[in-house]
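Counting with my numbering, you get residues 713 to 872 for the letters of the sequence shown.
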Amino acid sequence: MFHKLIKFLAAGLGLGYVPFAPGTFGTILGSLMFFLLKDVSHIYFIQITVVVAIISLVIAHLAEKSFGEKDCQKIVIDEVAGVLVCYAFVSYSLFNLVMGFILFRLFDIAKIFPARQAQDQLKGGLGVVGDDVIAGIQAGLLLYFLPNIFHWVQTLIQAL
Numbered sequence: 713m714f715h716k717l718i719k720f721l722a723a724g725l726g727l728g729y730v731p732f733a734p735g736t737f738g739t740i741l742g743s744l745m746f747f748l749l750k751d752v753s754h755i756y757f758i759q760i761t762v763v764v765a766i767i768s769l770v771i772a773h774l775a776e777k778s779f780g781e782k783d784c785q786k787i788v789i790d791e792v793a794g795v796l797v798c799y800a801f802v803s804y805s806l807f808n809l810v811m812g813f814i815l816f817r818l819f820d821i822a823k824i825f826p827a828r829q830a831q832d833q834l835k836g837g838l839g840v841v842g843d844d845v846i847a848g849i850q851a852g853l854l855l856y857f858l859p860n861i862f863h864w865v866q867t868l869i870q871a872l
């Protein structure tokens, strides 16, 4: 029973069992959480994100053993934690919801330094969740600065 519960939670309430793009479905779950928590204070959202990330480490570690596979694709709780980290950099808006989703997926797939190294070199839950948290930080920083980048590009175009 315990192993079934761990697998269910690790699979993002079962979404990890979707036969195609399970990581995308985990990201959808995290994005849904961002939407549902849109009215809580930013500090409270950050606290929830930290708790989810810590719980994800433990669940992913146990799930790897239950599935008998390193970073099993069915484990998507790491995407939930990672995209929440991305959203922790910004306040809720439809733009941030959509762009955060897109940017996180791009960074999660690309595994830009040091995300790939975290995935490959860290063991257990830390390796499963670590690369996604790093991708979330990378995507979140870009999302945070995106309005400034858009403004800078617009100013540059107008100057030409």
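Even for Gly, the Cβ is constructed at its ideal location relative to N, Cα and C.
With 16 other CB atoms within 10 Å as the buried threshold, where does PHE757 fall?
In the sequence shown, the residue the question calls residue 757 occupies position 45. By the neighbour-count rule (16 or more Cβ atoms within 10 Å), PHE757 is buried.
For the candidate residues ILE814, SER803 and ALA772, whose alpha-carbon lies nearest to that of GLY724?
By 1-based counting over the sequence shown, the position of residue 724 is 12. It is ALA772 whose Cα lies nearest to the Cα of GLY724.
Taking C-beta to C-beta, are ALA775 and ILE760 nearer than 9 Å?
One-based indexing of the sequence shown puts residue 775 at position 63. One-based indexing of the sequence shown puts residue 760 at position 48. Taking a C-beta distance under 9 Å as the contact criterion, ALA775 and ILE760 do not qualify as a contact pair.
Please go through the same chain and pick out, in chain order, the residues whose beta-carbon is closer than 6 Å to the beta-carbon of HIS715, but skip the five residues on each side of it.
Position 3 of the sequence shown, counted from the first residue, corresponds to residue 715. Same-chain partners within the cutoff: SER778.
Looking at the unbroken alpha helix (DSSP H) that takes in GLU776, where does it start and where does it end?
Residue numbering aside, residue 776 sits at position 64 when the sequence shown is read from its first letter. Run containing GLU776: 754–779, per the alpha helix (DSSP H) assignment.
Under the three-state reduction of DSSP, which class applies to PHE732: helix, strand or coil?
As a working note, residue 732 is residue 20 in the sequence shown. Looking at PHE732 - three-state DSSP - the assignment turns out to be coil, as it is neither helix nor strand.
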